[in-house]
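Enquirer: Take this structure first; my questions come after.
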Amino acid sequence: MKSLNQLHLCAALSILMAHYINSSETAIDRSLQEQTMLSVLYAQSSTEYAANSIQTYANASMLLDDAIADKNWSAALEQSGEYSSKPMAIILDVDETVLDNVAFQARSILSGLSYPNGWIEWGLEATAKPVPGVSSFLENASDKGIKIFYVTNRVAELEEATRTNIKNLGLPFDDDRDVLLMRDENGWTSDKVSRRALVAEDYRILMLVGDQLTDFISLEEAATDINTRRDLAEKYSDMWGKKWFMLTNPMYGKWEGAIYGNKYPDTKEEIMEMRLNALKP
Ligand SMILES: [Mg+2]
């Protein structure tokens, strides 16, 4: 018969073994997520990032009166027909344009889990802060009688929480018609062309604001190889800073997809290798 001491030793050893097995099973591999750490820290804590956003919105604000006065002014490639007498609108993307989700990115690094893990939960919290500069820009535009539309690729499941988040920040949000156009709502795909066209039917679109190329042009045109994609900045050089306003997002986006030929690899090893191969020394 085992002594009490032996029993205690056995129990202690099994607890230790269980702990060891458990911790080795749940050891977090953050190696992929950690590659975004500096870009997340840049967006979360640098004055440089905040200043750049404020600068972009201040530039847009200064051009509002010109946009209002010039009845032939439109920022949307989808705008057609007679639009000079239509009421005015501005279209903004939501994520990293109006709402700052850097906290979600920080969580992803710490948890070692990538989007979409935890994304819906984060969205439902409805606690995102405003991107620097957006509040005064939208207040200014709204005061001038311009309708504000939010065109986002957040899924329809997040519509109510997104509305709550935007309203809680005191940003303009009209209720007389749907001004928050989600992905998967009314058959809308992630291509924002059809939603911009819908707004253009009733409004003269003065400005587009976003953090992704597809907030301005079609998914089809944007989903090209990495070099052709880069050239699109030049193709539309007349629009940037005048009718189109791009916020900086170094953390994620279709620009990253272009590195993989617009097809995300299945494994993190492939992702890291393709990133390395894309560097131009
Ligand atoms: Mg965005």
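The numbers in this note's numbering rise by one with no breaks, and the one at position 92 of the sequence shown is 92. Glycine is no exception: its CB is placed at the ideal position from the N, C-alpha and C atoms.
Tell me which residues share the same chain as R154 and place their Cβ nearer than 8 Å to its Cβ, disregarding the 5 neighbours each side in the sequence.
Expert: In the sequence shown, residue 154 corresponds to position 154, counting from 1. Once the five neighbours on either side are set aside, the close Cβ partners of R154 are V94, D95, G123, T162, M182 and R183.
Enquirer: R229 lies in the alpha helix (DSSP H); which residues open and close that run?
Expert: Within the sequence shown, residue 229 is the residue found at index 229, counting from 1. I226 to K235 is the span of the alpha helix (DSSP H), which, as asked, contains R229.
Enquirer: Check whether the Cβ atoms of Y330 and L92 lie closer than 9 Å to each other.
Expert: Nothing in the structure corresponds to residue 330, since the chain is present only between 1 and 281.
Enquirer: Can you pull the DSSP bridge partners for R204?
Expert: Taking the sequence shown and counting its residues from 1, the one referred to as residue 204 is at position 204. Beta-bridge pairing links R204 to M88.
Enquirer: Flag Q105 as yes when its Cβ comes closer than 8 Å to any non-hydrogen atom of ligand 1, and as no otherwise.
Expert: On the sequence shown, residue 105 is found 105 positions in, with the first residue counted as 1. No, the Cβ of Q105 stays beyond 8 Å of every heavy atom of ligand 1.
Enquirer: Does the contact criterion of 3 or more C-beta pairs under 8 Å hold for the stretch 175-194 versus the stretch 59-73?
Expert: Flag = no, the stretch 175-194 and the stretch 59-73 do not touch.
Enquirer: Closer than 8 Å: is that where the CB of D215 sits relative to any heavy atom of ligand 1?
Expert: For the purposes of this step, residue 215 is taken as the residue at position 215 of the sequence shown. True, at least one ligand heavy atom lies under 8 Å from that Cβ.
Enquirer: Along the chain, where does the beta strand (DSSP E) that runs through I148 open and close?
Expert: In the sequence shown, counting from the first residue as 1, residue 148 sits at position 148. Counting along the chain, the beta strand (DSSP E) containing I148 begins and ends at K147 to V155.
Enquirer: Could you give the distance in angstroms between the alpha-carbon of W73 and the alpha-carbon of D202?
Expert: Reading the sequence shown from its first residue, position 73 is the one you call residue 73. Reading the sequence shown from its first residue, position 202 is the one you call residue 202. C-alpha separation (whole angstroms): 15 Å.
Enquirer: Shorter than 8 Å, the distance from the beta carbon of D358 to the closest heavy atom of ligand 1, or not?
Expert: The question about residue 358 has no answer here: the residues shown for the chain are numbered 1 through 281.
Enquirer: May I ask which residues mark the beginning and end of the beta strand (DSSP E) holding M246?
Expert: By one-based count along the sequence shown, residue 246 stands at place 246. First-last of the beta strand (DSSP E) with M246: W244 to M246.
Enquirer: Exposed or buried, G241, counting other C-beta atoms within 10 Å across all chains shown (16 or more means buried)?
Expert: Residue 241 sits at position 241 when you count from the first residue of the sequence shown. By the 10 Å Cβ count, G241 comes out exposed.
Enquirer: Who are the near neighbours of G112 in its chain, counting only those whose CB is closer than 7 Å to its CB and skipping five residues on each side?
Expert: Sequence index remark: in the sequence shown, residue 112 carries index 112 (1-based). Excluding residues within five positions, the ones whose Cβ falls inside 7 Å are I28, D29, R30 and Q33.
Enquirer: Report yes if the C-beta distance between K243 and A67 is below 9 Å; otherwise report no.
Expert: Taking the sequence shown and counting its residues from 1, the one referred to as residue 243 is at position 243. Taking the sequence shown and counting its residues from 1, the one referred to as residue 67 is at position 67. Result yes, Cβ atoms of K243 and A67 sit closer than 9 Å.
Enquirer: Straight-line CA distance for S218 to L171?
Expert: As a first step, residue 218 must be located in the sequence shown, where it is residue number 218. As a first step, residue 171 must be located in the sequence shown, where it is residue number 171. Going by the C-alpha atoms only, they are around 27 Å apart.
Enquirer: Measure the Cβ-Cβ separation of R229 and L247 and say whether it is below 9 Å.
Expert: As a position in the sequence shown, residue 229 is number 229, starting the count at 1. As a position in the sequence shown, residue 247 is number 247, starting the count at 1. For R229 and L247, no; Cβs fall outside 9 Å.
Enquirer: Is the beta carbon of A58 closer than 9 Å to that of A207?
Expert: Locating residue 207 in the sequence shown gives position 207, counting from the first residue. Locating residue 58 in the sequence shown gives position 58, counting from the first residue. The sequence as given places Met at residue 207; Ala does not occur at that position. Cβ atoms of M207 and A58: not closer than 9 Å.
Enquirer: Quick check on V98: does DSSP put it in helix, strand or coil?
Expert: Sequence index remark: in the sequence shown, residue 98 carries index 98 (1-based). If DSSP states are grouped into helix, strand and coil, V98 belongs with coil.
Enquirer: Nearest to I120 by alpha carbon, out of A278, A258, I271 and N101?
Expert: The sequence position of residue 120 within the sequence shown is 120, counting from 1. Answer by Cα proximity: N101.
Enquirer: Pick from L77, E269 and T36: whose alpha carbon is nearest that of F216?
Expert: As a working mapping, residue 216 is identified with position 216 in the sequence shown. The shortest Cα separation from F216 among L77, E269 and T36 belongs to L77.
Enquirer: Give me whichever residues DSSP pairs with R183 in a beta bridge.
Expert: Translated into positions along the sequence shown, residue 183 becomes position 183. According to DSSP, R183 bridges with V155.
Enquirer: Enumerate in chain order the residues of its own chain whose CB-to-CB distance from E221 is below 8 Å, with the five nearest sequence positions on each side excluded.
Expert: Looking up residue 221 in the sequence shown gives position 221. Answer for E221: L232, listed in chain order.
Enquirer: Would you report the Cα separation of N227 and I109, rounded to the nearest angstrom?
Expert: Against the sequence shown, residue 227 aligns to sequence position 227. Against the sequence shown, residue 109 aligns to sequence position 109. Cα to Cα, the separation comes out at about 29 Å.
Enquirer: Taking 8 Å as the cut-off, is the C-beta of Q212 nearer than that to any heavy atom in ligand 1?
Expert: Looking up residue 212 in the sequence shown gives position 212. Within the cutoff, so yes.
Enquirer: Kindly identify the DSSP beta-bridge partner or partners of G210.
Expert: Indexing the sequence shown from 1 puts residue 210 at position 210. In the DSSP output, where bridge partners are listed per residue, G210 has M246.
Enquirer: Relative to the C-alpha of I176, which candidate in I166, K147 and N165 has its C-alpha closest?
Expert: Residue numbering aside, residue 176 sits at position 176 when the sequence shown is read from its first letter. The sequence shown places Asp at residue 176, not Ile. If we check each option's Cα against that of D176, K147 comes out closest.
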